[in-house]
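**Q** Chains as they are written, first to last, in the numbering used here: chain A, 116 to 426; chain B, 21 to 678. Sharing a structure here in structure tokens format.
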Amino acid sequence: MAGTGPKTLLAGAAIVWRHQRILWLVYFINLLLATVGTRGAVARTGAILNHSLATERLVHGFSLGAYMELWFHPSLPFSASRPMMLCTAILFALFMLFATGGILTSFFEDRRLTAGNFFQACGDYFWRFLRQMMWFAVALIPVGILAALAAALARRVNQQSISPFPAVHTVEVAAVIILVLMMCLRLWFDMAQVIAVAEGETKMRRALKSSARLLRHNFGSLFWLYLRISLLGWVGFWLGLRMWMEHLQPEAIGRAFLVSQAMIVFWLAIRLWQRASEALWYRERLPELLVPAPLVPPSPVEQAPSELQPV
Amino acid sequence: MCRTRPAALIVIAAISLSARPEIALPPPQARPKLAATQDALSIRVVSYKIEPRLDPANHTITATETLTYHNLTGQPQQTFPFHLYLNAFQPKSTWVAEDERDHAGHEWKPEQYGSITVDRLTVTGMGDLTSKMQFVHPDDDNAEDRTVMQVTLPKPVPPGADVQFTMTFTDKLPEVVARTGYLRDFFMVGQWFPKVGVWWKGAWNCHQFHASTEFFADFGTFDVQITLPQNEIVGAAGDLISSVNNPDGTKTLLFHSEDVHDFSWAASPNFRVIEDSWTGSAGPVRIHLLMSPGNMPSAPRYLEAQKGALKLFDEWIGPYPYGRITIVDPPHGGFNAGGMEYPTLFTADTTWYMPKSVLLPENVVVHEFGHQYWYGMVATNEFEEAWLDEGINTYMEAKIMDVLYGKNTSVIRSRFVTLGELEDQRAGIMVPGYLRWPDTDPITRPGWRFYDDSAYGAVTYSKTSLLLRTLEKVIGEETLRSALHTYFLRYRFTHPTGEDFLKTIEEVSGKDLRWYFNQAVYGTNILDYEILDAQSEPLNPDDAKNAGSHSRPDVYRTTVVVHRKGDFIFPVDVEIKFDDGKSLIEHWDGRDRWMRYQYDRAAQLVSAEIDPEHKVQLDLNLYNNSYRVQQDQRAIRKLSNIWMFVGEWLAQLLAWLT
Chain A
116 MAGTGPKTLL AGAAIVWRHQ RILWLVYFIN LLLATVGTRG AVARTGAILN
166 HSLATERLVH GFSLGAYMEL WFHPSLPFSA SRPMMLCTAI LFALFMLFAT
216 GGILTSFFED RRLTAGNFFQ ACGDYFWRFL RQMMWFAVAL IPVGILAALA
266 AALARRVNQQ SISPFPAVHT VEVAAVIILV LMMCLRLWFD MAQVIAVAEG
316 ETKMRRALKS SARLLRHNFG SLFWLYLRIS LLGWVGFWLG LRMWMEHLQP
366 EAIGRAFLVS QAMIVFWLAI RLWQRASEAL WYRERLPELL VPAPLVPPSP
416 VEQAPSELQP V
Chain B
21 MCRTRPAALI VIAAISLSAR PEIALPPPQA RPKLAATQDA LSIRVVSYKI
71 EPRLDPANHT ITATETLTYH NLTGQPQQTF PFHLYLNAFQ PKSTWVAEDE
121 RDHAGHEWKP EQYGSITVDR LTVTGMGDLT SKMQFVHPDD DNAEDRTVMQ
171 VTLPKPVPPG ADVQFTMTFT DKLPEVVART GYLRDFFMVG QWFPKVGVWW
221 KGAWNCHQFH ASTEFFADFG TFDVQITLPQ NEIVGAAGDL ISSVNNPDGT
271 KTLLFHSEDV HDFSWAASPN FRVIEDSWTG SAGPVRIHLL MSPGNMPSAP
321 RYLEAQKGAL KLFDEWIGPY PYGRITIVDP PHGGFNAGGM EYPTLFTADT
371 TWYMPKSVLL PENVVVHEFG HQYWYGMVAT NEFEEAWLDE GINTYMEAKI
421 MDVLYGKNTS VIRSRFVTLG ELEDQRAGIM VPGYLRWPDT DPITRPGWRF
471 YDDSAYGAVT YSKTSLLLRT LEKVIGEETL RSALHTYFLR YRFTHPTGED
521 FLKTIEEVSG KDLRWYFNQA VYGTNILDYE ILDAQSEPLN PDDAKNAGSH
571 SRPDVYRTTV VVHRKGDFIF PVDVEIKFDD GKSLIEHWDG RDRWMRYQYD
621 RAAQLVSAEI DPEHKVQLDL NLYNNSYRVQ QDQRAIRKLS NIWMFVGEWL
671 AQLLAWLT
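The following block contains the structure:
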């Protein structure tokens, strides 16, 4: 069994660091789509706020009342913003699905692809991953059912118990179980994508079967790898949120923007770190197997350092 | 133990009241001679003696009630109506129909149905009249509604005489719904006994129970002897006179209460009782707090808010004359029992996880305690004029919360987000907001005739509070407080009307305020002012041509146009600021649709603002009340930042799920 000690973890981080271009590309798309998604609301609300003295309650603090008054403003500045925001979020999800092929190829081969090669890899795997997404949706159904059952159980416990805490603990336990299940599912499907890229598997059902086999035999090490990065992500997110909400002055709008965007970049980096570590883990697990020939011959200039060459 | 109200209490109260520099307080109406004791605070029309027996397993109460009614109506009375409130929770009742109309999709569970059945009714000297009982429907044609029962006696009761009704009845308590019922082993027993209507304005006033209405009853005395299992801990709206353990494992508790118009009680074996006290101008007040499991962290918060409310009501409005107040904290899941007022007892509301930055427990305590004044003592008709208790009380609640917890932080006070009571009443985050329902109904509309339950809440609670805040602009905050004080002293332990309240304000302020009341109280007019135009231009056209040069024009013509968008006419101040640091205040009566102000000065306009003191809280749109020449994009940048962050994070979450 391949080790998942600090070496794999740090090597995964190093891969993300070396392929920063991917991180910044994904962040740029994320930012761009969010800007598009909120542009209408910003324009409409700006027309109300920019010349009004009533904005003091929003600038020097954040008055929920002043914010909610905008919801009832006659010009309805938020109307049509929510669907737009949802649309851009869906677009980003589709973009990530598209980019995953290129990202995994870069990470697995640990070499810098040209833009053309990167997007070629994206295109090569897009339909496979799209099909896989359907399977993921199917796999989420039992989790949804479980969540509904847990909610019903919590309601029942809540109704019967004199103290509120048995129901609270039921919800806590159920939430942890469901979160772990979701992470397992994600890990399963992530590894199937890695297999598809590493072995050129075109049948995603077969990739999912292989991934399931892999998980069955290496669940502890893989999940531990995934969990550690997730925990780091949550801790970083919580710290960023605390800094934004509690330590920045309400008027420090520029700094708040930097902190919030740093959190977004960090969150993206965490996700890419998981993907890089998965790819690395898979590469390290099969030393006896030859790593498939690169999809695109590497250019001499972009040759990865020798110690990082696949074994 | 029994607490007999000492006559000294009345004297202390009178002294404390006489210290206030106000208007003489002649009695508003000729009061008949008191029927009961000389030190009574109210005209005691009714005297109830009730002996309920609680069956916790079956959620039922069997009881015998003896009601002595003193006919102070000034005329013979032969027909008597009674409220049977628990019958509201029946499948075909008016209450349920209205609830289903306003809350589409809400399904009633079988256990949420409740009822009250009068098994026998006798009248002293007139025999068994059970067969004479009939259900009536004074408000609608719903023959299935059984919330009002009427009985016609064989002979009339002469004026000044007493009549004694004896009823045996059975309550089937619902799983807690609309302020009453059971939840597991918790019982909130309110509106649970046959209650006679009120002879008011020359007729019986006994409305059916509606989803948006509350109660109305005469003052009197209550002697309630409750029998229930010995492990039950009881909180009741009366002084405990005696407690006797019975051989069958039950106990019988006798409570006495006077100068109140209702009696409610709560029981649970799991209450933790906390006792505290506070001393005001009318003497000590014992605070009984009954906490449910899991909610203990909220107990100090309840007590702090309770003492703060006692103090400020005592200072601003008048003395609290009862020697006790009982606060019942419903158990988890008992939201439907929370936040309800009864004389000398109310239910609070919290959760096990209530963050310190969310002041819901404090808010509910201040509001429900306020009802001891506006409903408990000033006993207005909640069916027909709910704004007189809910609205005035919401205004007082905001005033008190602002003093106790800060003006803009009296609902939420975290470092990042804040919310004040007044803002909440406008925007409707914790309470139904005025901005959503500004003009559906006048506040004076009877409760069941509002557009829907939400409009009822927004108009009755929030709009009334905001119109009183806006009235402060006209007569001053202190004058309005003085008017409320006078209104309380004059009408406590009576049933005043809306006009009594409005006339008191006019009398105390010395102003004719009909123009305001006709729009704000009786009307549905929209109040919305805006700065339509505000600019400075060089007065000399040559200066305009040279505007790009370094020389500054000598004189600018500044124009500010104020526009009344709504149909509510209200005088406003307009503050105009110039870049030489000077500012002007203009006063506009608002009668015309617009007003143009022009100034030729050696300074340019910086900003123009309507109502710079922010007193006109009925204004529908506060953002258009001002205009600044130089844009300030900080607010929109801040909002944009938050929205972008949410959008980006949502997108990433979605990507994780694909």
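Glycine is no exception: its CB is placed at the ideal position from the N, C-alpha and C atoms.
Would you please state the rounded distance, in angstroms, between the beta carbons of residue 617 of chain B and residue 606 of chain B? I believe it to be under 8 Å.
**A** 6 Å between Cβ atoms; contact.
**Q** Give a yes or no on contact between the segment 184-198 of chain B and the segment 75-94 of chain B, applying the rule of three or more CB pairs nearer than 8 Å.
**A** yes
**Q** Contact check, residue 169 of chain B vs residue 104 of chain B under 8 Å by CB: the rounded distance?
**A** The pair is a contact, with the Cβ atoms about 5 Å apart (cut-off 8 Å).
**Q** Go ahead and label residue 192 of chain A buried or exposed: buried means 16 or more other beta carbons lie within 10 angstroms of its beta carbon, across all protein chains shown.
**A** buried
**Q** Is there contact here, the segment 169-184 of chain B with the segment 85-98 of chain B, by at least three beta-carbon pairs under 8 Å?
**A** yes
**Q** Of all the CB atoms in chain B, is at least one closer than 8 Å to the CB of residue 372 of chain A?
**A** Interface flag for residue 372 of chain A against chain B is set, since a Cβ pair is found closer than 8 Å.
**Q** Within 10 Å of its beta-carbon, does residue 167 of chain A have 16 or more other beta-carbons around it, so buried, or fewer, so exposed?
**A** buried
**Q** Which residues does DSSP list as the beta-bridge partners of residue 170 of chain B?
**A** B/101, B/154
**Q** Taking CB distances under 8 Å as the criterion, tell me whether residue 678 of chain B reaches chain A.
**A** yes
**Q** Give me the residue from B/584, B/599, B/600, B/396 with the minimum Cα distance to residue 593 of chain B.
**A** B/584
**Q** Could you compute how far the alpha carbon of residue 237 of chain A sits from the alpha carbon of residue 221 of chain A?
**A** 11 Å
**Q** Spell out whether any CB of chain B is found under 8 Å from the CB atom of residue 382 of chain A.
**A** Output row for residue 382 of chain A: interface = yes.
**Q** Could you say if the segment 380-398 of chain B and the segment 319-333 of chain B meet the contact criterion of at least three C-beta pairs nearer than 8 Å?
**A** yes
**Q** Would you give the residue range spanned by the beta strand (DSSP E) that residue 520 of chain B belongs to?
**A** Bounds of any beta strand (DSSP E) do not take in residue 520 of chain B; it lies within the alpha helix (DSSP H) bounded by 518-529.
**Q** Answer yes or no: does any C-beta atom of chain B fall closer than 8 Å to that of residue 207 of chain A?
**A** The beta-carbon of residue 207 of chain A is placed less than 8 Å from the nearest beta-carbon of chain B.
**Q** Whole angstroms is fine: what's the gap from residue 166 of chain B's alpha carbon to residue 108 of chain B's?
**A** So the two alpha carbons sit approximately 7 Å from each other.
**Q** Determine the direct distance from the alpha carbon of residue 267 of chain B to that of residue 683 of chain B, and round the result to whole angstroms.
**A** The displayed coordinates of chain B run from 21 to 678. Any statement about residue 683 of chain B would go beyond what the structure contains.
**Q** Closer than 8 Å, CB to CB, is residue 170 of chain A near chain B or not?
**A** yes
**Q** Measure from the C-beta of residue 280 of chain A to each C-beta in chain B and report whether the shortest distance is under 8 Å.
**A** yes
**Q** Let me check one thing: in DSSP terms, what residues is residue 304 of chain B bridge-paired to?
**A** B/299
**Q** What residues in its chain sit with their C-beta under 6 Å from that of residue 424 of chain A, if we drop five residues either side in the sequence?
**A** Note that residue 424 of chain A scores a pLDDT of 41, beneath 50, so its modelled location is shaky and nothing firm can be said.
**Q** DSSP has residue 81 of chain B in a bridge; who is on the other side?
**A** Checking the DSSP bridge columns, you'll see residue 81 of chain B partnered with B/74, B/191.
**Q** Could you have a look at residue 326 of chain A and say whether DSSP puts it in helix, strand or coil?
**A** Residue state, collapsed to three classes: helix.
**Q** Since residue 421 of chain B and residue 430 of chain B should fall inside the 8 Å C-beta cutoff, what is the C-beta to C-beta distance between them, to a whole number of angstroms?
**A** Taking 8 Å as the upper bound for CB-CB distance, residue 421 of chain B and residue 430 of chain B are in contact here, some 4 Å apart.
**Q** Taking Cβ to Cβ, would you say residue 275 of chain B is nearer than 8 Å to residue 259 of chain B?
**A** yes
**Q** Can you list, in chain order, the residues of its chain with a C-beta nearer than 8 Å to that of residue 304 of chain B? Leave out the 5 residues immediately preceding and following it.
**A** 297, 298, 343
**Q** State the DSSP-derived secondary structure class of residue 160 of chain A, mapped to helix, strand or coil.
**A** helix
**Q** List in chain order: all unbroken alpha helix (DSSP H) runs of 4+ residues lying wholly within the segment 356-383 of chain A.
**A** none
**Q** Give the straight-line distance between the Cα atoms of residue 232 of chain B and residue 401 of chain B, rounded to the nearest whole angstrom.
**A** 13 Å
**Q** Report the start-end ranges of each alpha helix (DSSP H) in the segment 188-261 of chain B that is 4 residues or longer and not cut off at the edges.
**A** none
**Q** Going along chain A in order, which residues have a C-beta closer than 9 Å to the C-beta of residue 439 of chain B?
**A** 178, 179, 180, 183
**Q** Please check if any C-beta of chain A sits within less than 8 Å of the C-beta of residue 310 of chain B.
**A** no
**Q** Express the C-alpha separation of residue 457 of chain B and residue 185 of chain B in angstroms, rounding to a whole number.
**A** 45 Å
**Q** Applying the 10 Å Cβ sphere with the 16-neighbour rule, what's the burial state of residue 132 of chain A?
**A** Around the Cβ of residue 132 of chain A, a 10 Å sphere holds fewer than 16 other Cβ atoms; the residue is exposed.
**Q** Residues of the segment 655-667 of chain B with a CB closer than 7 Å to any CB of chain A: list them in chain order, please.
**A** The residues in question are 655, 656, 657, 658, 659, 660, 661, 663, 664, 665, 667.
**Q** Alpha carbon to alpha carbon, how far is residue 349 of chain B from residue 78 of chain B?
**A** 23 Å
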